[in-house]
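J.: In the numbering used here, the protein residues as written are 18 to 175. This is the structure I have questions about; it appears just below.
Written as structure tokens, this is what we have:
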């Protein structure tokens with residue numbers, strides 16, 4: 018009986034391990050999406066960059082000044098920004114990732130130094146704080162809120 022109990026316990030333990038291994042890793046999933054979005058931005062592919070935004074996304078970005086509401090408004094802003102600044106570089110630092118709601122809400126905070134060069138060769142720099150909120154809905158991660166604000170005490174060179 019003791020042997021049978023031990024065998025059943027082992028089977029139950031082994032049977033639950035694949036479930037643990039199969040659990041999603043929000044940090045990895047969002048990092049993969051972020052990498053693909055960065056690649057799309059480097060190519061200037063606005064549609065691919067927008068693919069993981071919720072239709073009712075809200076962007077509050079330092080370069081725009083005011084909040085941008087909805088995916089189509091973000092499309093217009095990004096298209097214009099990338100046309101005006103064809104050369105863009107960003108360095109992101111001090112990234113913090115937090116998971117909420119049983120792995121269905123993911124918040125990313127960071128700092129970014131931006132260097133954008135316009136069509137005439139003029140350089141624009143901006144140091145900013147960033148916050149992104151991702152929500153997993155229908156098995157898919159969507160960016161629902163993005164906030165970038167200029168760092169206090171640092172100049173914005175347009």
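Don't be surprised by glycine CBs; every beta carbon is placed ideally from N, CA and C. Note that the structure is a prediction, hence the values are computed from the model and not measured.
Is the CB-CB distance between residue 44 and residue 114 below 8 Å?
T.: The residue you call residue 44 lines up with position 27 of the chain shown. The residue you call residue 114 lines up with position 97 of the chain shown. Contact: yes.
J.: Can the beta-carbon of residue 104 be found less than 8 Å from the beta-carbon of residue 134?
T.: Taking the chain shown and counting its residues from 1, one reaches residue 104 at position 87. Taking the chain shown and counting its residues from 1, one reaches residue 134 at position 117. Taking 8 Å as the Cβ cut-off, residue 104 and residue 134 qualify as a contacting pair.
J.: Whole-angstrom Cβ separation of residue 102 and residue 143, contact assumed at under 8 Å?
T.: By one-based count along the chain shown, residue 102 stands at place 85. By one-based count along the chain shown, residue 143 stands at place 126. With 8 Å as the limit, residue 102 and residue 143 do not qualify as a contact, their Cβ atoms being about 11 Å apart.
J.: Give the single residue among 100, 120 and 78 whose Cα lies nearest to the Cα of residue 138.
T.: One-based indexing of the chain shown puts residue 138 at position 121. Ranking 100, 120 and 78 by Cα distance to residue 138 puts 100 first.
J.: Can you give the Cα-Cα distance for residue 125 and residue 118, rounded to whole angstroms?
T.: In the chain shown, the residue the question calls residue 125 occupies position 108. In the chain shown, the residue the question calls residue 118 occupies position 101. Those two C-alpha atoms are separated by around 15 Å.
J.: Report all residues from its chain with a CB closer than 6 Å to the CB of residue 29; omit the five preceding and five following residues, and keep chain order.
T.: For the purposes of this step, residue 29 is taken as residue 12 along the chain shown, with counting starting at 1. Note that residue 29 scores 40 on pLDDT, short of 50, meaning its location in the model is unreliable; the coordinates nonetheless yield the value given after this. Correct list: empty, nothing qualifies.
J.: Report the residue from 150, 90 and 106 whose alpha carbon sits nearest the alpha carbon of residue 55.
T.: Against the chain shown, residue 55 aligns to sequence position 38. Measuring from the Cα of residue 55, the nearest candidate turns out to be 106.
J.: So if DSSP puts residue 83 in a beta bridge, which residue, or which two residues, is it bridged to?
T.: Position 66 of the chain shown, counting from 1, holds the residue named residue 83. Residue 83 pairs with nothing; no bridge assigned.
J.: In or out: residue 123 buried (at least 16 other Cβ within 10 Å) or exposed?
T.: The count along the chain shown starts at 1 and reaches residue 123 at position 106. Classification of residue 123: buried, given that the 10 Å Cβ count is 16 or more.
J.: What does the alpha-carbon distance come out to for the pair residue 53 and residue 90?
T.: On the chain shown, residue 53 is found 36 positions in, with the first residue counted as 1. On the chain shown, residue 90 is found 73 positions in, with the first residue counted as 1. Approximately 21 Å, taken between the alpha carbons.
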